[in-house]
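In my numbering, the protein residues as written are 350 to 563.
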């Protein structure tokens, strides 16, 4: 097995907030119970000021409501967060791109552990696809990394390439023997699942992803 460490770095951003206050002098705001719109009634003079027809208060933007109710919106993303899935690989939040095949024509998998990212050489029997839909990784050259690291991840997200496939029973039993839960899907969905799980439960989620063009 060949693992190549991919250096990551964190980026810091700062946000500037500004506010704008509006006030109406010598006036009181009343709610029109029949028309449903607001009216402004001055303390002096006569008559009510009413918003023009069709230009009352607008409905709230659904996107803003979702953002306000998103509990993970302000959570710190993992440094090996997957920004996008490309045709031939993955772009990480650290601006690292892991592509496959590499310059030597070898299939390169992606391994994500805690805040680190690695390239995994899957050539020379690193994995095989049985009957077109069952994927089996070589335990000695690929999966043995999970038996050697400490602490072990609680969950490993496994991406099986460009489409939905099954992980072999042999590999499933291997992860089970290590006490590691697995989430299996195609590589595109696996990337999204990893980002979500790693944000919710940092440092206990790992990923092993076949390139999306396999």
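We treat Cβ as the ideally placed atom computed from N, Cα and C, and that holds for glycine.
Can you give me the start and stop residues for the beta strand (DSSP E) that residue i sits inside?
i           : result
residue 465 : 465-470
residue 534 : 530-534
residue 460 : 457-462
residue 481 : Careful: residue 481 lies outside any beta strand (DSSP E) and carries neither H nor E.
residue 445 : Here residue 445 belongs to no beta strand (DSSP E), and DSSP marks it neither H nor E.
In three-state terms, what does DSSP make of residue i?
i           : result
residue 513 : coil
residue 558 : strand
residue 563 : coil
residue 376 : Caution is warranted here: a pLDDT of 46 is assigned to residue 376, below 50, making its placement in the model unreliable, and the coordinate value is therefore given only provisionally. The answer is strand: DSSP assigns residue 376 an E or B state.
residue 542 : helix
residue 415 : In this prediction, residue 415 scores a pLDDT of 48, lower than 50, which makes its location untrustworthy; the coordinate-derived value is nonetheless stated afterwards. Three-state result, residue 415: helix.
One question on the structure: do residue i and residue j come within less than 7 angstroms of each other, judged by their Cβ atoms?
i           : j           : result
residue 462 : residue 555 : yes
residue 486 : residue 520 : yes
residue 537 : residue 434 : yes
residue 483 : residue 517 : yes
residue 431 : residue 540 : yes
residue 460 : residue 545 : no
residue 553 : residue 489 : no
residue 559 : residue 481 : no
residue 507 : residue 533 : yes
residue 512 : residue 535 : yes
residue 529 : residue 505 : yes
residue 476 : residue 527 : no
residue 305 : residue 429 : Given a span of 350 to 563 for the chain in the structure shown, any question on residue 305 remains unanswerable.
So what does residue i bridge to, in DSSP terms?
i           : result
residue 486 : 476
residue 434 : 439
residue 507 : 533, 557
Tell me which residue opens and which closes the alpha helix (DSSP H) that residue i is part of.
i           : result
residue 494 : 494-497
residue 525 : 518-526
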